[in-house]
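The structure appears below as structure tokens.
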Amino acid sequence: MERRKKQNEGLLSVYPPPPWYYRYFTDENLAKVKDSAGSDNAELSEAPLKYLTPPSPPEVGAYHNFGDVWQVNDKLATLEDLGITQVYDGAAIRGEGQESGARVLELKKLTKSLLLAFVELTGIMGVSPEQFPAKFENVRVLLINIHHILNEYRPHQARESLVTLMQQQINDKKQHVENIRQSCDKVRETIRVLSKQFDQVDEFEETGGVTTKEVKYVSGKEKDLLVVKMAEEACK
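Position in the sequence shown (first residue = 1) + 1 = the numbering used here.
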């Protein structure tokens, strides 16, 4: 019996096998599902084709995922639901308290109470150690209450983090657009300078005395080199 129990415990860590309905994923069944897509075919709701159709997302209740239970309507559980004593004024930090400093005030009160409880705990350990469990439980309850109030800030923190991230992305895109605009302006200015030089200058001293009239007689490669030289000179 003990040996079988150990074997069962060892199997819990083994990579899980594929679902038993994997055998229904045949080419024939897949073709039937594909042909019936978008239609109210009663055959799709019956075995074995129903195993090939993804289930609709749950709307109420809870679901299991990776060994944990997750609520469909995810919300912060109350301390009462968790079986923890609530020591702060819940009505003060809700409603109008969300915009006022009630939540901050309650956190300060709990922090001071936690400090006092810790001092009492250290004092009792030297005088009456048998009272340690009760004082330790008091510290634990205070810490859980503090964390519960802080967790109520999570939705607000998530919204602000998303706003900051989106604003950063907008700023980055604006900067990219500005860089492209500056590059385009620089190219336009370079083209304007080159066009002006071709129109007004009869000789380009940097090419060794080659005039604009002689440029049309040089080879295409030499002409390209000449234009590159003039562009580099204009960009200096």
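Ideal placement from N, C-alpha and C gives every residue a C-beta, glycine not left out.
Where residue i sits in the DSSP three-state scheme
i                 : result
alanine 78        : coil
glutamine 198     : helix
valine 211        : Reliability of the predicted coordinates at valine 211 is poor, the pLDDT of 47 falling under 50, and no value is obtained from them.
aspartate 69      : strand
tyrosine 64       : strand
proline 130       : helix
aspartate 90      : coil
tyrosine 16       : coil
glycine 102       : coil
serine 184        : helix
proline 56        : coil
phenylalanine 119 : helix
isoleucine 192    : helix
glycine 124       : helix
Sequence-distant residues of its chain with Cβ nearer than 7 Å to residue i (five each side left out)
i             : result
proline 55    : none
histidine 149 : Leu80
leucine 139   : Looking at the sequence provided, one finds asparagine at residue 139 rather than leucine. Only Ala118 meet the Cβ criterion.
arginine 193  : none
Cβ-based neighbour list, residue i, same chain, cut-off 8 Å, excluding 5 preceding and 5 following
i             : result
leucine 111   : Val88, Tyr89, Leu143, Asn146, Ile147, Ile150
glutamine 168 : none
glutamate 285 : The requested residue 285 does not occur in the structure, where the chain is confined to residues 2 to 237.
valine 61     : Val73, Asn74
Cβ-Cβ separation, residue j to residue i (assumed contact under 8 Å), whole Å
i              : j          : result
proline 59     : valine 70  : Wrong, their Cβ atoms sit about 12 Å apart, outside the cutoff.
asparagine 152 : leucine 77 : 6 Å
Beta-carbon proximity of residue i to residue j, cut-off 8 Å
i                 : j              : result
phenylalanine 133 : methionine 126 : yes
proline 49        : tyrosine 25    : yes
glutamate 121     : lysine 109     : no
leucine 53        : leucine 83     : no
Cβ-heavy atom distance, residue i to the ligand GTP, below 7 Å
i            : result
glutamine 72 : This structure lacks the ligand GTP; in fact it carries no ligand of any kind.
Cβ neighbours of residue i in the same chain (closer than 6 Å, five flanking residues each side left out)
i             : result
glutamate 215 : Confidence at glutamate 215 is low in this model, with a pLDDT of 45, below 50, so the placement of that residue should be treated as unreliable; the coordinate-derived value is given next. Contacts found: none.
leucine 115   : Leu143
glutamine 183 : none
Any chance you could list the alpha helix (DSSP H) runs of at least 4 consecutive residues sitting entirely within the stretch 134 to 163, in chain order?
none
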